[in-house]
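Reading through the structure tokens given below for one structure.
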Amino acid sequence: TSKEMLTKYIFSNFESLDVVFQNSVLFFPLDDTIFIAQHDFKATNDSDLPFRKGDKLKVLQETGEWWLARLLTTGQEGLIPSNYVARADTLEVEKWFFKDLGRRETERLLLAPGNKPGAFLIRESETCKGSFSLSVRDYEGERGDVVKHYKIRCLDKGGYYISPSNTFSTLQELVQYYTHTADGLCQRLYAPCKPMAPQQPWAHDEWEIPRETVKMVKKLGAGQFGEVWMGYYKNTQKVAIKTLKEGTMAPEAFLQEANLMKQLKHDRLVRLHAVVTKEPILIVTEFMINGCLLDFLKTDEGKKLKLNKLIDMSAQIAEGMAYIEKKNYIHRDLRAANILVNETLHCKIADFGLARIIESEYTAQEGAKFPIKWTAPEAINFGTFSIKSDVWSFGILLTEIVTYGRIPYPGMTNPEVIRSLDRSYRMPCPDGCPEELYDIMMVCWKQKPDDRPTFEYLQNTLNDFFIATEGQYEMQP
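Just so it is clear: in the sequence shown, position 276 is 276 by UniProt numbering, and no numbers are missing.
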């Protein structure tokens, strides 16, 4: 019929519009499969669909980290990384809107380098479904940089307000208004919060890879078991590459453990991407621009970090370890040298399980090869490693963080440390370390492993370290 033909014509030519038809208005809904590219994407494989920031794509299939899509300008089809695109005509395309972001993570992002007072974002409220929160970076003399949170309330007939005297029909209008005037907020909205650079997801079937697909560019460091390099995979994806010296271990044993490590996926763990299993063995992981936490704490930027940021970094590490704990895995070599830092000062745990792979070398306990000062007494004396020996190491790691990278037990040799621990000696409270933080260290160093706390407990305790003194939301302006 002519009505069907008109409908067909409209759908094929427009994404959404109102049409007057026989004196009634038909509303055609938006096509929710249309997405806008938020970043450029270079293809790594023939099956990938490259695009530029701002391109429109129609998503044909949404499964996992890679989606099948069509580029609207050319009609080309291929796979795209789902975290590079945002659904068109939704809040997701706004630079200031952050999806699936909790309060704690909001504060981490707004306080990250690159943001100034007045940096802001809007997120969905964690506690109140369907409503939003505005979070703004502010500066207070004594406390330094802080984040203030404001409830955005909804009107019954649609619309939003922070203060009842100013109501807006859209969030965009609300943002526009407070961009020009603070009007009771701590700051005028200056600029949207800088987002974290998205990690391109790894192609799911590329695990054991040929050596020639990896190009080493810059040597970042060397240890007793090999080297760490910055490099590229297939010339496009920036990665970190760890080389293991030949003879460190049998390739079959390595692959077996690496298959276990591969299954551990969490935002606080460095992602293991791929391996080259012929000697010399290569481990390919995500690249972290600020390197290891131990070195970072000694830089000018690291030395400026205030106590609240140091505690926050500790909480992030405890969060990653709580995941390892839940998965019944063990790290075995937890220390600041094995924590990596990215551009927004988020911490991720590296080298989990690697110590076990090279165990025969590692438990030789010769000099620097065995990290005595981080190791629990039962692991030193009997080789008994468990998640509770990791908790002991975490207590030592806290001393590294609060002293900006000082070596634990300063002035003591490894044999002296072993003898002292046998006599129930514990490291004294470091200078400038709050009593409450030292209490956490001491409970990590309980003699009996079962008396030590869980990482879940440590994560919650460190996350709540300053909460007692903070209000949840600012008052209405």
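All C-beta atoms in this analysis are idealised placements derived from N, C-alpha and C, irrespective of residue type, glycine included.
Within the same chain, 329 and 353 come within 8 Å of residue 260 by CB-CB distance, once the 5 residues on both sides are set aside.
Per DSSP, the beta-bridge partners of residue 146 are 138. Less than 8 Å divides the Cβ of residue 243 from the Cβ of residue 226.
The Cβ atoms of residue 317 and residue 331 do not sit closer than 8 Å to each other. With a cutoff of 8 Å on beta-carbon distance, residue 284 and residue 241 are scored as near each other.
Take the alpha-carbon of residue 94 and the one of residue 279: they are about 48 Å apart.
The Cβ-Cβ distance between residue 67 and residue 82 falls below 8 Å. Excluding sequence positions up to five before and after residue 161, its CB lies within less than 6 Å of the CB of 153 and 167, all in the same chain and listed in chain order. Using a Cβ-Cβ distance cut-off of 8 Å, the segment 125-141 and the segment 105-113 are in contact, since at least three pairs of beta carbons, one from each stretch, lie closer than that value. Of all alpha-carbon atoms in 231, 144 and 190, the one lying nearest the alpha-carbon of residue 220 is that of 231.
Check the Cα spacing between residue 247 and each of 281, 63, 141 and 272: the tightest is with 281.
Secondary structure remark: continuous beta strand (DSSP E) runs of at least 3 residues inside the segment 302-372, in chain order: 339-341 and 347-349.
Judged by their CB atoms, residue 229 and residue 274 are not nearer to each other than the 8 Å cut-off.
Here DSSP, grouped into helix, strand and coil, assigns residue 67 to strand.
Residue 419 sits away from residue 445, with the two beta carbons spaced by 8 Å or more. Runs of the beta strand (DSSP E) lying entirely within the UniProt domain "SH2" (96-193) and spanning at least 3 residues, in chain order: 119-124, 132-140 and 144-154.
About 7 Å separates the Cβ atoms of residue 88 and residue 56, confirming a contact at the 8 Å cut-off. Here residue 229 is bridged, per DSSP, to 219 and 241.
For residue 382, the uninterrupted alpha helix (DSSP H) run begins and ends at 377-382, by DSSP.
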